[in-house]
Amino acid sequence: MSQQIGLVGLGVMGRNLVLNMVNHGFSVAGFDLDPKKASQFREQTAGLTAQVYGGWADFVSALETPRRIMMMVPAGAPVDAVINELQPHLAAGDVLIDGGNSHFTDTIRRGQVLEQAGIRYIGTGVSGGEEGALYGPCIMPGGQPEAYRAVEPILTSIAAKVNGEPCCAYMGSGGAGHFVKTVHNGIEYGIMQLICETYDFLHRGLGLATPAIRDLFASWNQAEMNSYLMEITVLVLSRRDPGTGRPLVDLILDHAEQKGTGKWTAQSALDLGVPVPTLTSAVEARILSGLRDERLKASAILPGPAGAGDMAEASLTDSVRKALYLGMLACYAQGMALLREASREHGFGLSYATIARIWRGGCIIRAHMLESIHEALTREPDLPNLLLSPVFAREVAGGQEALRQIVAAAASSGIPMICSAATLAYYDSYRSARLPANILQAQRDHFGAHTYRRLDREGVFHTNWTE
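Residue numbers (this note's numbering): 1177 to 1643.
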C-alpha cells in the first residue's frame, strides 16, 4: 500500500511531525541519511502506519501519486542537496514542501527552478518546537496555490486548533510562507529580550529575588500578557538546581545564541526601509551577550552612574508591567508593518488578519494579545500600524508613560534595556509631527548636492551653503 506523504529528515522535529500525521490517520514514509536517526524512527513507529526506507528510489516509489514530500532539514545547502537527490525520481505534479527555516529568497529561487520541471514547491514556516510538532504546530505555507491545495488536508489536520480553527492557512505566493516565519521569529527575538530586560530591571533595579520575579510574571501571565513565552519564563524561573538549591537561571552563562532568522528580519527591514528598532535591538542584544570576555574586562574599567537611582518597588512594579505590555505590542506592530511592506514589494498577497489568527495557537509567539490584534486587523485590513488602532488606544496611552518611567530609571541606574529604550524611541519618533531630518537633508545637500524639499513651496532645491 502506498504511503500518503513522505518526510525527509528524521530528527526530533521530523519524527514528531510523523507521529502527529500518523495520529491524524495519515500513512507516512520516512527517510534520513543518518542510520541512527532512521533506526530510532523505525523503533518509535513500530506498529504504526509509518515506514522508513533506506534509499531515495525506494522512498519515492513508496508514495502515492502525485507524490507529497516534506523536508525537515537545516536551511541552506542541505535543502538544495535533498532536492538534487529527489528530483530525478519525481514527476510533474509532485509536491515538495520545505518545512525548515529557509531564507525566503532561496525559496523563491527553488520554486522557480522546480516549476520548470513541473514540480510544485511550497516554502512552509513551522513553529512550535518539538512539542508543537507532535501535538499541533502553527504552519505558514506559501508558494503555488495549487501545491498548497494538494497538501492542505494533511497540514490543517496536524496544525494546532484555536476555537476549532486550524492554525494553518495559505500565506501567499513565492517565498511568502518562509518570510512570514522569519518575521515571526523576529518578533520572538524582540519579546524574549523584553522579558529578559524586565527580569533584569526587577532583579538589579528593584532588588527582587528570582522567586518574587517568578510570582510577578505568573500573575501577569494570568491577565493581558498571557502568552507562551511568559508561561515558559515562569517555568524556568521556578526551576532550582538540585546540586546547589539555587534558582537554575542564576547559574546559566549569560551568552545567548541565535540561528539567523532574527538577523534576517533586521536585514529585510533595512532592505525594505521599514523601521523595526525593537526587533533589531534584540538581535544586537544577543550579539552583545556574546562579547562576554570583553564585557568582563569593561566592567572593571568603564564607570557606570555615580549613584543608583532611588527606586521604590511598590511604585514601579505596575509601571514595569505596563511598559512590558507596550513593548510586546510594539514587537507585533513592527513585525506587521514589515510584513505589509514586504507583501507590496514582493507581491506575496498576505492577509494580516489571517496571520494574526493562525499565530494565536501552536507557535512560540502565541499570546492572548493576538486576539485583539486579529480583531484590529479584521476591522481595519489596511491599518498601517497597530499602535494606531482604537483597540489598543488605552493600553498605548498608559504604557508610554510607564515605559518612560522605567527607561529613565534604568538609565539612571546603569541597567541596559536596549529593546525597551528602542521601543520608546520608536514610539516617540512615530508620533512626532516633525523630526530633525531637516538638518540631515541640509547636511547631505552641503557635501553631496543631494537636494532637498521645502515646507513652504513645491519643488526640489539645492543651496550653495558656503556662499
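Yeah, the Cβ is synthetic: ideal placement off N, Cα and C, and Gly gets one too.
Just so it is clear, the structure is predicted and the values come from calculations on it, not from any experiment.
Asked: Minimum length 4: unbroken alpha helix (DSSP H) runs contained in the region 1537 to 1574; Found: 1545 to 1555
Asked: DSSP-derived helix/strand/coil call for PRO1254; Found: helix
Asked: Assigned secondary structure, ILE1428 (DSSP; H/G/I helix, E/B strand, else coil); Found: coil
Asked: Ranges of the alpha helix (DSSP H) found wholly within the region 1364 to 1451, counting only runs of at least 4; Found: 1386 to 1397, 1404 to 1414 and 1437 to 1448
Asked: Unbroken stretches of the alpha helix (DSSP H), 4 residues or longer, contained in the region 1212 to 1248; Found: 1232 to 1237
Asked: Runs of alpha helix (DSSP H) wholly within the region 1570 to 1622 (minimum 4 residues, chain order); Found: 1594 to 1607
Asked: Expected contact under 8 Å - CB spacing of GLU1306 and ASN1192 to nearest Å; Found: 6 Å
Asked: Integer Cβ distance of LEU1195 from LEU1310, believed to fall under 8 Å; Found: 6 Å
Asked: Three-pair Cβ contact test at 8 Å for the region 1294 to 1304 versus the region 1502 to 1510; Found: no
Asked: Element boundaries [alpha helix (DSSP H), containing ARG1296]; Found: First-last for ARG1296: 1296 to 1303, but that is the beta strand (DSSP E), not the alpha helix (DSSP H).
Asked: Candidates SER1237, GLU1407 and ALA1257, of which the one nearest ALA1543 by Cα; Found: GLU1407
Asked: Burial state of ILE1477 (16 or more Cβ within 10 Å); Found: exposed
Asked: Buried or exposed (CB count within 10 angstroms, at least 16 for buried), LEU1412; Found: Residue 1412 is actually Val in this sequence, not Leu. With fewer than 16 Cβ atoms within 10 Å of its Cβ, VAL1412 is classed as exposed.
Asked: Residues sharing a beta bridge with TYR1628, DSSP; Found: PHE1637
Asked: Boundaries (first-last residue) of the alpha helix (DSSP H) holding ILE1315; Found: Element bounds for ILE1315: not the alpha helix (DSSP H) but the beta strand (DSSP E), 1314 to 1319.
Asked: Integer-rounded CB distance, given that TYR1528 should sit under 8 Å from PRO1560; Found: So it is not a contact: roughly 11 Å between Cβ atoms.
Asked: Contact under 9 Å by Cβ, LEU1455 with GLY1362; Found: yes
Asked: For ALA1529, three-class secondary structure by DSSP; Found: helix
Asked: MET1246 and ILE1273 closer than 9 Å at C-beta; Found: yes
Asked: Touch test, the region 1451 to 1469 against the region 1507 to 1521, Cβ-Cβ under 8 Å, three pairs minimum; Found: yes
Asked: Rounded Cβ spacing between ALA1518 and LEU1448 (contact assumed at less than 8 Å); Found: 6 Å
Asked: Whole-angstrom distance between VAL1327 and PRO1342, CA atom to CA atom; Found: 14 Å
Asked: LEU1467 (DSSP reduced to helix, strand or coil); Found: coil
Asked: Classification of GLN1179 by the beta-carbon crowding that lies within 10 angstroms, buried from 16 upward; Found: buried
Asked: Buried or exposed (CB count within 10 angstroms, at least 16 for buried), GLN1576; Found: buried
Asked: Option nearest ILE1463 by Cα separation, candidates TRP1440, LYS1473 and HIS1431; Found: HIS1431
Asked: Nearest-angstrom Cα separation, counted from SER1203 out to ALA1233; Found: 18 Å
Asked: Reference GLY1299, options PRO1313, GLN1292, GLY1308 and ALA1323, closest by Cα; Found: ALA1323
Asked: Range covered by the beta strand (DSSP E) that runs through ASP1274; Found: 1271 to 1274
Asked: Continuous alpha helix (DSSP H) assignments of at least 4 residues falling wholly in the region 1473 to 1513; Found: none
Asked: Assigned secondary structure, PHE1207 (DSSP; H/G/I helix, E/B strand, else coil); Found: strand
Asked: Host alpha helix (DSSP H) of LEU1195 (start-end); Found: 1188 to 1199
Asked: Length of the line joining the Cα atoms of ILE1295 and VAL1359; Found: 27 Å
Asked: Whole-angstrom distance between LEU1631 and ILE1259, CA atom to CA atom; Found: 56 Å
Asked: Residue of GLY1308, CYS1595 and LEU1563 minimising C-alpha distance to ILE1540; Found: GLY1308
Asked: Spatial neighbours of ARG1533 in its chain, beta-carbon cut-off 6 Å, leaving aside the 5 residues before and after; Found: HIS1550
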